[in-house]
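A.B. asks: Residue numbers (the working numbering): 4 to 478.
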Ligand SMILES: Cc1ncc(COP(=O)(O)O)c(C=O)c1O
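Below is the structure:
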């Protein structure tokens, strides 16, 4: 099918939102693609449906045409792009175009990295600590991580059982690549962090999604888990506190899950504990590897992005039995090598802040809690909305499905989480993430990594936008 190219210098607000969220109008736009001016030098020529040849205008006008086959690998074609990144970028573009968008889509704290940590990074540069580090991370940082895991999580590791990476995301991907064979199954409770299923696909494994219920606080039902384990099951991914629900797995439930896991020698557990410090009492965090019999089969992932407000430093790590960790290290050695020497110095300073990050972190957690309380109370009073109070992280995963099926004036039918998000972006100028990205289309994720004043304004806008819709079904 031929593609015609428009050099679009101005993109309307609605058009922008539609393109980004993959709305009906965008998905119907197969004959017409708008490109920002920076890409206007590219022209597209029709060939066959699966293969498009791109040429620069300069090249196409010369007699010696250079054609480039831009076919992508089946592996990358099987992976969906991250909707959280997509909507964040799009909301940013809208804001830059002058639309007063309130962005509650991003998964990063709105706080600055605590000064003491930032200073450690600055000093690392000043002192010339700017060379390659060992692939697995500096001995100084890995020793500090071992100390942290022992003191805070009750799990013992030696530095050769730790690999430091460019963020926990890399740690998780490497672990999935290291342990999964083609055709293996990766069990993922939904709602899930967007990257887990895609990482399984990158490893040629099959994601097996286990739904959970809002009435169960989005926690995995052990019986459902047991019924879904097969000989192909290789990895169970647990995330507590959870992105996107904020649910925290109680120790008793983890123990039940551990009993089931213990019956299946092939099954490993990847425990993503990156939000461990952002937790609201009385909830407490339990590391899966600390449960009886689970150390041998658990890969514990953690990082600095969330608790220490260090998203841009790119620092995370994995801990586990040496055999698996050496495999992760091998992958890293042939891809990115060790993470930044500067970030690692900052990481040492972060772990030096004391138990659970000390006061610097507890101040942030206090602010998150205040915001959570405000949002839970406010949304809880709205008609047709279901909420499970999050016990950790900084997200609220709200069930708005009673609004699906409603015809919104001047907008059209609200069909699902994606169109409701588009409605909020167009009518309330609030950017949120459709639950469908996290494997639960009935909900929408709100990130409360924003000031209370911003959240109050966002809530008022959403409320106003909802008032013009009547819930189709009473909940
Ligand atoms: C559940 C979860 N795990 C892992 C990550 C990756 O964090 P990073 O790569 O910044 O350390 C994120 C980031 O959003 C997350 O939400």
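All C-beta atoms, glycine included, are put in the ideal place defined by N, C-alpha and C. Bear in mind the structure is a predicted one, so any value in this text is a computation, not a measurement.
If contacts are defined as beta-carbon pairs under 8 Å, then residue 280 and residue 349 qualify, I think. What distance do you get, rounded to the angstrom?
C.D. replies: Start at 1 with the first residue of the chain shown, and residue 280 comes out as number 277. Start at 1 with the first residue of the chain shown, and residue 349 comes out as number 346. About 16 Å separates the two Cβ atoms, so there is no contact after all.
A.B. asks: Whose beta carbon lies closer than 6 Å to any heavy atom of ligand 1, going through the chain in order?
C.D. replies: Listed along the chain, these residues meet the criterion: 110, 170, 171, 172, 196, 242, 246, 275, 277, 306, 308, 314 and 319.
A.B. asks: Could you have a look at residue 160 and say whether DSSP puts it in helix, strand or coil?
C.D. replies: What you label residue 160 is simply residue 157 of the chain shown in a count that begins at 1. Residue state, collapsed to three classes: coil.
A.B. asks: Taking the straight line between their C-alpha atoms, what separation do you get for residue 112 and residue 456?
C.D. replies: Reading the chain shown from its first residue, position 109 is the one you call residue 112. Reading the chain shown from its first residue, position 453 is the one you call residue 456. Residue 112 and residue 456: Cα-Cα distance of roughly 16 Å.
A.B. asks: Which residue's Cα is closest to the Cα of residue 269: 283, 275, 299 and 292?
C.D. replies: Counting from 1 along the chain shown, the entry for residue 269 is found at position 266. Checked all of 283, 275, 299 and 292; the closest Cα to residue 269 is 299.
A.B. asks: Tell me whether the stretch 409-423 and the stretch 301-314 touch, counting them as touching only if at least three CB pairs, one residue from each stretch, are closer than 8 Å.
C.D. replies: In short, these stretches do not touch, since the Cβ pair count stays below three.
A.B. asks: Using the rule of at least 16 other Cβ atoms within 10 Å of the residue's Cβ for burial, across every protein chain shown, is residue 437 buried or exposed?
C.D. replies: As a first step, residue 437 must be located in the chain shown, where it is residue number 434. Answer is buried; the Cβ neighbour count reaches 16.
A.B. asks: How long is the line joining the alpha carbons of residue 472 and residue 95, rounded to whole angstroms?
C.D. replies: Position 469 of the chain shown, counted from the first residue, corresponds to residue 472. Position 92 of the chain shown, counted from the first residue, corresponds to residue 95. Whole-angstrom Cα-Cα distance: 27 Å.
A.B. asks: Is the stretch 459-472 close to the stretch 378-393, with three or more CB pairs under 8 Å?
C.D. replies: Yes, since at least three Cβ pairs between the stretch 459-472 and the stretch 378-393 fall closer than 8 Å, the two stretches touch.
A.B. asks: Ordered along the chain, which non-local residues of its own chain (more than five positions away) have a Cβ less than 6 Å from that of residue 208?
C.D. replies: Walking along the chain shown from the start, residue 208 turns up at place 205. Excluding positions up to five away in sequence, the list reads 183, 187 and 189.
A.B. asks: Helix, strand or coil for residue 180 per DSSP?
C.D. replies: Working through the chain shown from its first residue, we reach residue 180 at position 177. Three-state result, residue 180: helix.
A.B. asks: Please state the DSSP three-state secondary structure of residue 240.
C.D. replies: Residue numbering aside, residue 240 sits at position 237 when the chain shown is read from its first letter. Strand.
A.B. asks: Pick out whichever of 243, 337, 353 and 118 has its Cα sitting closest to the Cα of residue 181.
C.D. replies: Mapped onto the chain shown, residue 181 falls at position 178. Residue 337 is the option with its Cα nearest to residue 181.
A.B. asks: Would you list, in sequence order, the uninterrupted alpha helix (DSSP H) runs of no fewer than 4 residues that lie entirely inside the stretch 185-210?
C.D. replies: Here the runs fully enclosed are 198-205.
A.B. asks: Could you tell me the boundaries of the alpha helix (DSSP H) in which residue 372 lies?
C.D. replies: Stepping through the chain shown from its first residue, residue 372 is reached at position 369. Per DSSP, residue 372 belongs to the alpha helix (DSSP H) from 361-383.
A.B. asks: In chain order, what residues of the same chain have a beta carbon less than 8 Å from the beta carbon of residue 343, not counting five sequence neighbours either side?
C.D. replies: Here residue 343 is taken as the residue at index 340 of the chain shown, counted from 1. Closer than 8 Å at Cβ, skipping near neighbours: 169, 316, 317 and 318.
A.B. asks: Taking all protein chains shown into account, decide if residue 421 is buried (16 or more other Cβ within 10 angstroms of its Cβ) or exposed.
C.D. replies: Locating residue 421 in the chain shown gives position 418, where the first residue counts as 1. Buried is the call here.
A.B. asks: Within the continuous alpha helix (DSSP H) that includes residue 455, where are the two ends?
C.D. replies: Position 452 of the chain shown, counted from the first residue, corresponds to residue 455. Residues 455-470.
A.B. asks: Rounded to whole angstroms, what is the Cα-Cα separation between residue 229 and residue 238?
C.D. replies: Locating residue 229 in the chain shown gives position 226, counting from the first residue. Locating residue 238 in the chain shown gives position 235, counting from the first residue. The alpha-carbon atoms of residue 229 and residue 238 are separated by roughly 13 Å.
A.B. asks: For residue 321, which three-state DSSP category applies?
C.D. replies: Within the chain shown, numbered from 1, the residue matching residue 321 stands at position 318. Strand.
A.B. asks: Nearer than 7 Å: is that true of the beta carbon of residue 472 relative to any heavy atom of ligand 3?
C.D. replies: Ligand 3 is absent from the structure shown, which contains only ligand 1.
A.B. asks: Can you tell me the Cα-Cα spacing of residue 463 and residue 99, whole angstroms?
C.D. replies: In the chain shown, counting from the first residue as 1, residue 463 sits at position 460. In the chain shown, counting from the first residue as 1, residue 99 sits at position 96. Taking the straight line joining both Cα atoms gives about 23 Å.
A.B. asks: According to DSSP, is residue 232 helix, strand or coil?
C.D. replies: Counting from 1 along the chain shown, the entry for residue 232 is found at position 229. Three-state DSSP puts residue 232 in coil, outside helix and strand.
A.B. asks: Quick check on DSSP: helix, strand or coil for residue 23?
C.D. replies: In the chain shown, counting from the first residue as 1, residue 23 sits at position 20. In this prediction, residue 23 scores a pLDDT of 41, lower than 50, which makes its location untrustworthy; the coordinate-derived value is nonetheless stated afterwards. Three-state DSSP puts residue 23 in a helix.
A.B. asks: Which same chain residues end up closer than 7 Å to residue 396 when comparing Cβ atoms and leaving out the 5 residues on each side of it in sequence?
C.D. replies: Within the chain shown, the letter at position 393 stands for residue 396. Same-chain partners within the cutoff: 244, 245, 246, 249, 278 and 281.
A.B. asks: I'd like the list of long-range same chain contacts for residue 201, defined as Cβ closer than 7 Å, with 5 residues on each side in sequence excluded.
C.D. replies: The residue given as residue 201 occupies position 198 in the chain shown. Excluding sequence neighbours, residue 201 sits near 82 and 83.
A.B. asks: Report the start-end ranges of each alpha helix (DSSP H) in the stretch 73-157 that is 4 residues or longer and not cut off at the edges.
C.D. replies: Taking only runs of at least 4 residues, the alpha helix (DSSP H) segments lying wholly in the stretch 73-157 are 77-80, 86-99, 118-129 and 142-156.
A.B. asks: Could you have a look at residue 259 and say whether DSSP puts it in helix, strand or coil?
C.D. replies: Along the chain shown, one-based indexing puts residue 259 at 256. Residue 259: helix per DSSP, three-state reduction.
A.B. asks: Among 205, 212 and 226, which one has its Cα closest to the Cα of residue 263?
C.D. replies: Here residue 263 is taken as the residue at index 260 of the chain shown, counted from 1. Selected option, being the one with the closest Cα: 226.
A.B. asks: Could you tell me if residue 394 is buried or exposed, where buried requires 16 or more neighbouring beta carbons within 10 angstroms of its beta carbon?
C.D. replies: Position 391 of the chain shown, counted from the first residue, corresponds to residue 394. It counts as buried.
A.B. asks: Answer with buried or exposed for residue 80, where buried requires no fewer than 16 other C-beta atoms within 10 angstroms of its C-beta.
C.D. replies: Locating residue 80 in the chain shown gives position 77, counting from the first residue. Exposed, by the Cβ-count rule.
A.B. asks: Report, in whole angstroms, the separation of the C-beta atoms of residue 179 and residue 320, which I expect to be a contact under 8 Å.
C.D. replies: As a first step, residue 179 must be located in the chain shown, where it is residue number 176. As a first step, residue 320 must be located in the chain shown, where it is residue number 317. No, residue 179 and residue 320 are not in contact; Cβ-Cβ is about 16 Å, not under 8 Å.
A.B. asks: Using a 10 Å radius around the Cβ and a threshold of 16 neighbouring Cβ atoms, would you call residue 289 buried or exposed?
C.D. replies: Locating residue 289 in the chain shown gives position 286, where the first residue counts as 1. Answer is buried; the Cβ neighbour count reaches 16.
A.B. asks: How big is the Cα-Cα spacing for residue 452 and residue 310?
C.D. replies: For the purposes of this step, residue 452 is taken as the residue at position 449 of the chain shown. For the purposes of this step, residue 310 is taken as the residue at position 307 of the chain shown. Their Cα atoms are separated by approximately 12 Å.
A.B. asks: Could you tell me the alpha carbon to alpha carbon distance between residue 210 and residue 443, rounded to whole angstroms?
C.D. replies: The residue labelled residue 210 in the question sits at position 207 within the chain shown. The residue labelled residue 443 in the question sits at position 440 within the chain shown. About 15 Å.
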